[in-house]
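Trainee: Residue numbers (our numbering), protein chains in the order written: chain S, 114 to 445; chain E, 1484 to 1750.
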Ligand SMILES: Nc1ncnc2c1ncn2[C@@H]1O[C@H](COP(=O)(O)OP(=O)(O)OP(=O)(O)O)[C@@H](O)[C@H]1O
Ligand SMILES: [Mg+2]
């Protein structure tokens, strides 16, 4: 049995349609029209213990909704969810003892009290020993640099400072399962890389199972062996993005700078292959796009070397963004 | 099942945090207490003068009316002290999605909401209500045996629970009727003033309403009659703890059902 099991999960929101203007508002009082949004539409997946799962998709795809179901906040409309043998929305209090949750968009901390007070309150709620608590604080201070923030009320922190405190708060009790919904939102480059390192380390040393949603694909590239892509409530990809990068983004580009003036027609004549696409960048530089499954880059380069005088050449690897874009467009 | 010790500890930890955060705004706290106090003194003066001129209303003497008034204020103050945040449950927690945060902690959600905030102003209501109650008791020469003292505690406790239960029922309806104005709890806030006076002064339908629909008469008038040595309402006195259990039973049922419909907020 997998640690997290999601079977044919669906969540439908009923939204009352609002008409425009004051007369519309009055009409709304008399007669409401409803609209149904399938935020999560019949999805299934399993996560094994110790996995770091990336969960990505465009805005409004259903990521946060899925996380809210997995953490027991929302009750599914249909389907089955189990985490660690518990059904989150039914055995919620038992379940939340074993999980850590960060919603980057919305703080889980009490607004009016100082960070350290919030932490000690959480220590008492989760019954963490004083010793462990001190150890955790020290560790978090090293990675998240929260030391200077401890005595500031939460409402006075900047977005990035608050997110750092939220991450620390969610991990105080050393949960075996962690849900991170946009945990790197608003973080500067240095802290972001610290956090990535920290998440990776936590996964490696403690075997923590992690589900991570983000709009920063480099987070995913760095941390996740497996990624789910969700779009309009449906899972459209489940696998290794690195592999997908190799399989899906077949289009490669070579950028070539020549000493001589470029005449596309001459080059096209020498490189007589139908599927090539030429784009002139300027008089001395051009880009050749090709499908790497049909033509090898070596062939192109060899031909260029034989007939022209190249000054510089660059092969562009597909980026992870390009891969994700391609998956989205295939879905449509 | 976690021990009572654990919950009491958590309760006091929340309480001290809350007080600490409030005391940062000393002026604010002072204003709250002073304004609540002056409002209370205002009504008290009103009651004292009006009823001083009328020796008896509908068979209720001035002292008796004051006692009922004091009982009502005492239970209302204790309600505000412990359950005031329940009134925010609809808008602040259910509609604004703050319930997310509460649901992610391994503590009963209602407990967390109740202890996240308390109404400091209600201390002055409590002092005045209890003052009025004691003054009336002395004036009426009421004898308080240990027996009666015990019943007093039970009945005040029940009255507070009834107020809390009724509010819980009303605000839990927010899960169905998405009411951003918090108007659901509004009738209670107005109608509760009726409970400050002997309900026999009202028309029969209103009496039925205050007894069996919105049972506010059980938070003041009925339980108070036990100490006024009136025997006509002994059935209602006995019903008071049962009504407390019933309102909480219904309240918890609606709350639990509503929780399954909780939609969080978009972000
Ligand atoms: N409480 C709610 N009530 C009604 N509709 C909702 C609610 N929460 C989410 N939705 C709708 O469900 C869909 C999915 O929302 P969700 O928040 O899960 O998206 P997301 O993938 O997390 O997006 P983002 O990347 O912007 O955070 C959206 O169309 C949203 O409008
Ligand atoms: Mg989201």
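In this text, a Cβ means the ideal position worked out from N, Cα and C, and glycines have one as well.
Mind reading off the beta-carbon distance from residue 354 of chain S to residue 348 of chain S? Whole number of angstroms is fine, and I expect it under 8 Å.
Mentor: Indexing the first chain from 1 puts residue 354 of chain S at position 241. Indexing the first chain from 1 puts residue 348 of chain S at position 235. Not confirmed; about 14 Å, so no contact.
Trainee: How about residue 1540 of chain E and residue 1684 of chain E: do their beta carbons lie closer than 8 Å?
Mentor: Counting from one through the second chain, the residue named residue 1540 of chain E turns up at place 57. Counting from one through the second chain, the residue named residue 1684 of chain E turns up at place 201. A contact, by the Cβ cut-off of 8 Å.
Trainee: Taking only beta carbons into account, state which residues of the region 182–207 of chain S come closer than 9 Å to chain E, listed in chain order.
Mentor: Correct list: 184, 185, 186, 187, 188, 202, 205, 206, 207.
Trainee: Once the 5 residues before and after residue 378 of chain S are set aside, which same chain residues still bring their CB inside 7 Å of it?
Mentor: Counted from its first residue, the first chain places residue 378 of chain S at position 265. Taken in chain order, the list of residues that qualify is empty.
Trainee: Would you say residue 177 of chain S touches ligand 2, meaning its beta carbon is less than 7 Å from a heavy atom?
Mentor: By one-based count along the first chain, residue 177 of chain S stands at place 64. The answer is yes for residue 177 of chain S.
Trainee: Assuming residue 1634 of chain E and residue 1709 of chain E form a contact by the criterion Cβ under 8 Å, report the distance between their Cβ atoms to the nearest whole angstrom.
Mentor: For the purposes of this step, residue 1634 of chain E is taken as the residue at position 151 of the second chain. For the purposes of this step, residue 1709 of chain E is taken as the residue at position 226 of the second chain. Going by Cβ atoms, the distance from residue 1634 of chain E to residue 1709 of chain E rounds to 6 Å, so yes, they are a contact pair.
Trainee: Any heavy atom of ligand 2 closer than 7 Å to the beta-carbon of residue 294 of chain S?
Mentor: Taking the first chain and counting its residues from 1, one reaches residue 294 of chain S at position 181. Because some heavy atom of ligand 2 lies under 7 Å away, the Cβ of residue 294 of chain S counts as near it: yes.
Trainee: If we call anything under 8 Å between Cβ atoms a contact, is residue 1748 of chain E one with residue 1573 of chain E?
Mentor: Translated into positions along the second chain, residue 1748 of chain E becomes position 265. Translated into positions along the second chain, residue 1573 of chain E becomes position 90. Taking 8 Å as the Cβ cut-off, residue 1748 of chain E and residue 1573 of chain E do not qualify as a contacting pair.
Trainee: Under DSSP, the beta strand (DSSP E) around residue 364 of chain S begins and ends at which residues?
Mentor: As a working note, residue 364 of chain S is residue 251 in the first chain. 364–371 is the span of the beta strand (DSSP E), which, as asked, contains residue 364 of chain S.
Trainee: Please confirm whether any heavy atom of ligand 1 lies closer than 7 Å to the CB of residue 172 of chain S.
Mentor: Position 59 of the first chain, counted from the start, is the residue given in the question as residue 172 of chain S. Residue 172 of chain S Cβ: within cutoff of ligand 1.
Trainee: I'd like to check one pair, residue 176 of chain S with residue 343 of chain S: are the Cβ atoms closer than 8 Å?
Mentor: Position 230 of the first chain, counted from the start, is the residue given in the question as residue 343 of chain S. Position 63 of the first chain, counted from the start, is the residue given in the question as residue 176 of chain S. Yes, the pair counts as a contact, with Cβ atoms nearer than the cut-off.
Trainee: Can you determine whether any heavy atom of ligand 1 sits closer than 7 Å to the C-beta of residue 382 of chain S, and answer yes or no?
Mentor: By 1-based counting over the first chain, the position of residue 382 of chain S is 269. Not so, every heavy atom of ligand 1 lies at least 7 Å from the Cβ.
Trainee: Can you tell me whether residue 1747 of chain E sits near ligand 1, meaning its C-beta is under 7 Å from at least one heavy atom of the ligand?
Mentor: Along the second chain, read from residue 1 onward, the residue named residue 1747 of chain E stands at position 264. Flag set: Cβ of residue 1747 of chain E near ligand 1.
Trainee: The alpha helix (DSSP H) spanning residue 412 of chain S covers which residue range?
Mentor: Along the first chain, one-based indexing puts residue 412 of chain S at 299. Element bounds for residue 412 of chain S: 410–420.
Trainee: Excluding five sequence neighbours on each side, which residues of the same chain lie with their C-beta closer than 6 Å to the C-beta of residue 203 of chain S?
Mentor: In the first chain, the residue the question calls residue 203 of chain S occupies position 90. Excluding sequence neighbours, residue 203 of chain S sits near nothing in its chain.
Trainee: Flag this pair as yes or no: are the beta carbons of residue 178 of chain S and residue 337 of chain S separated by less than 8 Å?
Mentor: The residue labelled residue 178 of chain S in the question sits at position 65 within the first chain. The residue labelled residue 337 of chain S in the question sits at position 224 within the first chain. Contact: no.
Trainee: First and last residue of the alpha helix (DSSP H) that includes residue 315 of chain S?
Mentor: Numbered from 1 along the first chain, position 202 holds the residue referred to as residue 315 of chain S. Its alpha helix (DSSP H) spans residues 302–319.
Trainee: So the candidates are S:256, S:233, S:257; which of them puts its Cα closest to the Cα of residue 246 of chain S?
Mentor: Looking up residue 246 of chain S in the first chain gives position 133. Here the closest residue by C-alpha is S:233.
Trainee: Which same chain residues end up closer than 8 Å to residue 128 of chain S when comparing Cβ atoms and leaving out the 5 residues on each side of it in sequence?
Mentor: Sequence index remark: in the first chain, residue 128 of chain S carries index 15 (1-based). Excluding positions up to five away in sequence, the list reads 147, 148, 149, 150.
Trainee: Could one say the Cβ of residue 232 of chain S lies closer than 8 Å to chain E's Cβ atoms, at least one of them?
Mentor: Here residue 232 of chain S refers to the residue found at position 119 of the first chain. It does not; no Cβ of chain E falls within 8 Å.
Trainee: Going along chain S in order, which residues have a C-beta closer than 9 Å to the C-beta of residue 1747 of chain E?
Mentor: On the second chain, position 264 is the one that residue 1747 of chain E refers to. Those are 177, 178, 181, 186, 187, listed as they occur along chain S.
Trainee: Cβ of residue 1587 of chain E less than 8 Å from any chain S Cβ?
Mentor: Translated into positions along the second chain, residue 1587 of chain E becomes position 104. Answer yes: the Cβ-Cβ gap between residue 1587 of chain E and chain S drops below 8 Å somewhere.
Trainee: Chain C partners of residue 1515 of chain E, CB-CB under 7 Å?
Mentor: In the structure shown, chain C cannot be found, because the protein chains are S and E.
Trainee: Compare the C-alpha of residue 88 of chain S against each of E:1592, E:1490, E:1740 and name the closest.
Mentor: Any property of residue 88 of chain S remains undetermined from this structure, which presents chain S solely from 114 to 445.
Trainee: Where does residue 264 of chain S fall in DSSP's three states?
Mentor: To locate residue 264 of chain S, count along the first chain from 1; it is residue 151. Three-state result, residue 264 of chain S: coil.
Trainee: Tell me the residue span of the beta strand (DSSP E) that contains residue 426 of chain S.
Mentor: Start at 1 with the first residue of the first chain, and residue 426 of chain S comes out as number 313. Segment 423–429, the beta strand (DSSP E) holding residue 426 of chain S.
Trainee: Mark residue 1641 of chain E as exposed unless 16 or more other C-beta atoms lie within 10 angstroms of its C-beta, in which case mark it buried.
Mentor: Sequence index remark: in the second chain, residue 1641 of chain E carries index 158 (1-based). Counting Cβ neighbours within 10 Å, residue 1641 of chain E comes out buried, since at least 16 surround it.
Trainee: In angstroms with no decimal places, state the Cα-to-Cα distance between residue 1735 of chain E and residue 1651 of chain E.
Mentor: The sequence position of residue 1735 of chain E within the second chain is 252, counting from 1. The sequence position of residue 1651 of chain E within the second chain is 168, counting from 1. Going by the C-alpha atoms only, they are around 8 Å apart.
Trainee: Return the residue from the list E:1699, E:1741, E:1502, E:1584 that minimises the CA-CA distance to residue 1562 of chain E.
Mentor: Reading the second chain from its first residue, position 79 is the one you call residue 1562 of chain E. Comparing Cα positions, the closest option is E:1699.
Trainee: If I'm right that residue 1649 of chain E touches residue 1625 of chain E with Cβ under 8 Å, what's the distance once you round it to whole angstroms?
Mentor: Sequence index remark: in the second chain, residue 1649 of chain E carries index 166 (1-based). Sequence index remark: in the second chain, residue 1625 of chain E carries index 142 (1-based). So it is not a contact: roughly 28 Å between Cβ atoms.
Trainee: With 16 as the cutoff for other CB atoms within 10 Å, does residue 1591 of chain E come out buried or exposed?
Mentor: Indexing the second chain from 1 puts residue 1591 of chain E at position 108. By the neighbour-count rule (16 or more Cβ atoms within 10 Å), residue 1591 of chain E is not buried but exposed.
Trainee: Within its chain, find whatever has a CB closer than 6 Å to the CB of residue 216 of chain S; leave out the 5 residues flanking it on each side and keep chain order.
Mentor: By 1-based counting over the first chain, the position of residue 216 of chain S is 103. Taken in chain order, the residues that qualify are 294.
Trainee: Along chain E, in chain order, which residues have C-beta atoms closer than 8 Å to that of residue 238 of chain S?
Mentor: In the first chain, residue 238 of chain S corresponds to position 125, counting from 1. 1493, 1588, 1589, 1590, listed in chain order.
Trainee: What residues of chain S sit near residue 1511 of chain E, judged by a beta carbon separation below 7 Å?
Mentor: As a first step, residue 1511 of chain E is located in the second chain; it is residue number 28 there, counting from the start. Under the 7 Å cutoff, chain S gives no residues; its nearest Cβ is about 12 Å from residue 1511 of chain E.
Trainee: List, from N- to C-terminal side, the alpha helix (DSSP H) runs of 4 residues or more that fit wholly inside the region 1505–1537 of chain E.
Mentor: Qualifying alpha helix (DSSP H) stretches, in chain order: 1509–1536.
Trainee: Compare the C-beta of residue 1753 of chain E with all C-beta atoms of chain S and state if any pair is closer than 8 Å.
Mentor: Examination of residue 1753 of chain E is not possible in this model, given that chain E is present from 1484 through 1750 alone.
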